[in-house]
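*Asks:*
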Amino acid sequence: MGFEKVRPETTRIERDFNQRDSPFKIDGNLFIQGDVLEKTEIQVGGDLRVSGIIQRAKIETDRHLVVDQGVTDRSEVKVNGSVKSGFIENSVVSSRGDIIIQNNVMRATLHAGRNILLSDGIMVGGTASATEKIVIQRLGSSAGVPTCISVGVHPKIRIKYNEIQSRIEEIGKELKLLAKNIRFLEETDINDSTSRSYQNYLQLPQIKSKQKKYQRHQLLAKKNLDQLLNLAESRWPDNPHVLVLDTVFEKVQINIGWNQFLTTEVLKKVAFKDKNNAVCLVDLA
Numbered sequence: 332m333g334f335e336k337v338r339p340e341t342t343r344i345e346r347d348f349n350q351r352d353s354p355f356k357i358d359g360n361l362f363i364q365g366d367v368l369e370k371t372e373i374q375v376g377g378d379l380r381v382s383g384i385i386q387r388a389k390i391e392t393d394r395h396l397v398v399d400q401g402v403t404d405r406s407e408v409k410v411n412g413s414v415k416s417g418f419i420e421n422s423v424v425s426s427r428g429d430i431i432i433q434n435n436v437m438r439a440t441l442h443a444g445r446n447i448l449l450s451d452g453i454m455v456g457g458t459a460s461a462t463e464k465i466v467i468q469r470l471g472s473s474a475g476v477p478t479c480i481s482v483g484v485h486p487k488i489r490i491k492y493n494e495i496q497s498r499i500e501e502i503g504k505e506l507k508l509l510a511k512n513i514r515f516l517e518e519t520d521i522n523d524s525t526s527r528s529y530q531n532y533l534q535l536p537q538i539k540s541k542q543k544k545y546q547r548h549q550l551l552a553k554k555n556l557d558q559l560l561n562l563a564e565s566r567w568p569d570n571p572h573v574l575v576l577d578t579v580f581e582k583v584q585i586n587i588g589w590n591q592f593l594t595t596e597v598l599k600k601v602a603f604k605d606k607n608n609a610v611c612l613v614d615l616a
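Counting in the numbering used here, the sequence shown tops out at residue 616, every number present.
1) Return helix, strand or coil for Phe515, following the three-state DSSP convention.
2) Cutting at 6 angstroms between CB atoms, please list the residues of its own chain near Val583, excluding the five before and the five after it.
3) List, from N- to C-terminal side, the beta strand (DSSP E) runs of 3 residues or more that fit wholly inside the segment 440 to 515.
4) In this structure, does DSSP put Lys553 in helix, strand or coil?
5) Using only alpha-carbon positions, find the residue among Glu596, Val597 and His572 that is nearest to Asn586.
6) Where does the unbroken beta strand (DSSP E) through Thr578 begin, and where does it stop?
7) Please report the Cβ distance between Phe617 and Phe592, rounded to the nearest whole angstrom; I am assuming they are in contact, meaning their Cβ atoms lie under 8 angstroms.
8) According to DSSP, simplified to helix, strand and coil, what is Ala616?
9) Among the residues of its own chain, which have a CB less than 8 angstroms from the CB of Ile384, if the five just before and after it don't count?
10) Near Leu576, which residues of its chain fall below 6 angstroms by C-beta distance, leaving aside the five closest residues on each side in sequence?
11) Tell me which residues share the same chain as Asn615 and place their Cβ nearer than 7 angstroms to its Cβ, disregarding the 5 neighbours each side in the sequence.
12) Would you kindly report the start and end of the unbroken beta strand (DSSP E) that includes Ala602?
13) Could you please give the first and the last residue of the uninterrupted beta strand (DSSP E) stretch that includes Thr638?
14) For the beta strand (DSSP E) that Ser426 lies in, which residues bound it at each end?
15) Closest to Leu559 by CA distance: which of Gly503, Leu535, Tyr545 and Ile490 is it?
16) How about Asn421 and Arg405: do their beta carbons lie closer than 8 angstroms?
17) Could you name the residues of the same chain whose beta carbon sits closer than 6 angstroms to that of Ala609, not counting the 5 residues immediately before and after it, in chain order?
18) Note down the Cα distance separating Arg343 from Gly475, rounded to an integer number of angstroms.
19) To which residues does DSSP link Asn360 through a beta bridge?
20) Would you list the residues sitting across from Thr595 in a DSSP beta bridge?
21) Using only CA atoms, which one of Met454, Arg427 and Glu501 lies nearest to Gln433?
22) By the three-class DSSP mapping on this structure, what secondary structure does Leu560 have?
23) Could you round the C-beta distance between Ser450 and Pro486 to whole angstroms and report it? I think they count as a contact, below 8 angstroms.
24) Buried or exposed for Leu396, going by 16 or more other Cβ atoms inside 10 Å?
25) Go ahead and pull the three-state DSSP assignment for Asn590.
26) Could you please give the first and the last residue of the uninterrupted beta strand (DSSP E) stretch that includes Val367?
27) Let me check understanding here. Comparing Cα to Cα, which of Glu369, Gln364, Asp347 and Gly377 lies closest to Lys356?
28) Within the same chain, show all residues whose beta-carbon is closer than 6 angstroms to that of Ala388, passing over the 5 residues directly before and after it, in chain order.
29) On a Cα-Cα basis, can you pick out the residue from Ser353, Lys415 and Lys606 that is closest to Arg427?
30) On the DSSP letters alone, give me the boundaries of the beta strand (DSSP E) that Arg380 sits inside.
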């Protein structure tokens with residue numbers, strides 16, 4: 332079958348991992364000497380190493396992940412430790428530790444509990460979020476592909492913040508529409524009980540009740556948002572920053588904490604830091 336025990340806690344697969352092997356779950360470490368092919372799922376209780384690529388697969392590990400080549404084609408990766416990969420393309424990679432990429436990141440989504448390191452790499456398109464720092468060689472492209480990177484807030488907190496913020500905006504739109512309908516109905520001539528306007532007017536109590544329900548939801552969402560902001564502040568790391576060793580192109584959004592900065596020109600050898608509740612640029616040239 333191509334399975335061999337390397338050590339008591341490590342299993343080695345000396346070929347590509349394919350759909351016939353999936354789903355695959357193991358408590359110890361796993362070493363795949365080949366590719367992880369599309370539409371497969373792997374859960375590893377220890378470390379996972381892949382000598383080839385991970386292609387459109389779902390991966391979960393309780394420890395670290397090492398991919399000698401790269402992750403591609405809409406793969407979904409969740410790692411409790413750190414990730415090291417040659418490249419990441421069109422995939423979502425989440426790590427509680429560091430994400431270290433040797434080459435390029437293209438249109439991917441990265442979430443790291445600590446750092447994202449591309450000291451020799453390029454990121455074009457997509458988003459990258461780390462709690463502490465992001466170090467990268469080149470960021471964005473001359474074509475102006477929108478790219479967003481964030482530090483200072485744990486990715487899970489940032490994701491939850493965006494979800495609540497979107498919910499508050501949705502509720503606000505609904506409340507605005509309800510208020511408009513209520514004003515219209517309250518101004519309606521109800522002398523003719525057979526008219527359609529009168530029938531609509533009879534719905535006014537239900538509409539007002541719905542308005543109160545949305546108002547309660549809005550207050551709760553704002554309360555949850557405040558609690559989340561307090562949590563983010565209590566976990567604020569020392570000196571969160573983005574370090575670009577070579578070039579930042581236009582249309583790159585830099586988030587330090589909740590503060591945003593959008594590049595409008597090409598920058599060389601620069602660091603982005605937090606200063607006086609704003610994004611500060613430090614010229615390293």
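Backbone N, C-alpha and C define an ideal beta-carbon position, used for all residues, glycine too.
*Replies:* Straight from the coordinates:
1) Start at 1 with the first residue of the sequence shown, and residue 515 comes out as number 184. Of the three classes helix, strand and coil, the one that applies to Phe515 here is helix, per DSSP.
2) Within the sequence shown, numbered from 1, the residue matching residue 583 stands at position 252. Leu470, Gly471, Thr478 and Thr594, listed in sequence order.
3) 446 to 461, 464 to 470 and 478 to 482
4) Stepping through the sequence shown from its first residue, residue 553 is reached at position 222. Helix at Lys553.
5) In the sequence shown, counting from the first residue as 1, residue 586 sits at position 255. Ranking the options by Cα distance to Asn586, first place goes to His572.
6) Within the sequence shown, residue 578 is the residue found at index 247, counting from 1. Element bounds for Thr578: His572 to Val579.
7) The question about residue 617 has no answer, for the chain in this structure spans 332 to 616.
8) The residue given as residue 616 occupies position 285 in the sequence shown. Here Ala616 sits in coil by DSSP.
9) The sequence position of residue 384 within the sequence shown is 53, counting from 1. Closer than 8 angstroms at Cβ, skipping near neighbours: Asp366, Val367, Val398, Gln400, Gly401, Val402 and Thr403.
10) Sequence index remark: in the sequence shown, residue 576 carries index 245 (1-based). If we look at Leu576 and ignore the five residues flanking it on each side, its Cβ neighbours are Gln468.
11) Counting from 1 along the sequence shown, the entry for residue 615 is found at position 284. The sequence shown places Leu at residue 615, not Asn. Within the same chain, Leu615 has close Cβ partners Lys600, Val601 and Ala602.
12) As a first step, residue 602 must be located in the sequence shown, where it is residue number 271. Leu598 to Asp605 is the span of the beta strand (DSSP E), which, as asked, contains Ala602.
13) Only positions 332 to 616 of the chain appear in this structure, which leaves residue 638 out of reach.
14) For the purposes of this step, residue 426 is taken as residue 95 along the sequence shown, with counting starting at 1. Per DSSP, Ser426 belongs to the beta strand (DSSP E) from Val423 to Ser426.
15) Indexing the sequence shown from 1 puts residue 559 at position 228. Comparing Cα-Cα distances from Leu559 to each of Gly503, Leu535, Tyr545 and Ile490, the minimum goes to Ile490.
16) Taking the sequence shown and counting its residues from 1, the one referred to as residue 421 is at position 90. Taking the sequence shown and counting its residues from 1, the one referred to as residue 405 is at position 74. Yes, the Cβ-Cβ distance between Asn421 and Arg405 is below 8 angstroms.
17) Within the sequence shown, the letter at position 278 stands for residue 609. Cβ neighbours of Ala609 beyond the five flanking positions: Asn590.
18) Your numbering for residue 343 matches position 12 in the sequence shown. Your numbering for residue 475 matches position 144 in the sequence shown. Whole-angstrom Cα-Cα distance: 43 angstroms.
19) Taking the first residue of the sequence shown as 1, we reach residue 360 at position 29. Paired residues: Thr341.
20) Here residue 595 corresponds to residue number 264 of the sequence shown, with the count starting at 1. DSSP lists no partner for Thr595.
21) Indexing the sequence shown from 1 puts residue 433 at position 102. Of Met454, Arg427 and Glu501, the residue nearest in Cα terms is Met454.
22) The residue labelled residue 560 in the question sits at position 229 within the sequence shown. Leu560 falls in the helix class under three-state DSSP.
23) Position 119 of the sequence shown, counted from the start, is the residue given in the question as residue 450. Position 155 of the sequence shown, counted from the start, is the residue given in the question as residue 486. At roughly 21 angstroms, the Cβ-Cβ gap does not stay under 8 angstroms, so Ser450 and Pro486 are not in contact.
24) Translated into positions along the sequence shown, residue 396 becomes position 65. Buried, since its Cβ has 16 or more Cβ neighbours within 10 Å.
25) Sequence index remark: in the sequence shown, residue 590 carries index 259 (1-based). Strand at Asn590.
26) For the purposes of this step, residue 367 is taken as the residue at position 36 of the sequence shown. Note, Val367: premise wrong, no beta strand (DSSP E); not H, not E.
27) Here residue 356 refers to the residue found at position 25 of the sequence shown. Residue Gly377 is the option with its Cα nearest to Lys356.
28) Working through the sequence shown from its first residue, we reach residue 388 at position 57. Contacts found: Val367, Thr371 and Ser406.
29) Translated into positions along the sequence shown, residue 427 becomes position 96. It is Lys415 whose Cα lies nearest to the Cα of Arg427.
30) Mapped onto the sequence shown, residue 380 falls at position 49. That run of the beta strand (DSSP E) goes Leu379 to Val381.
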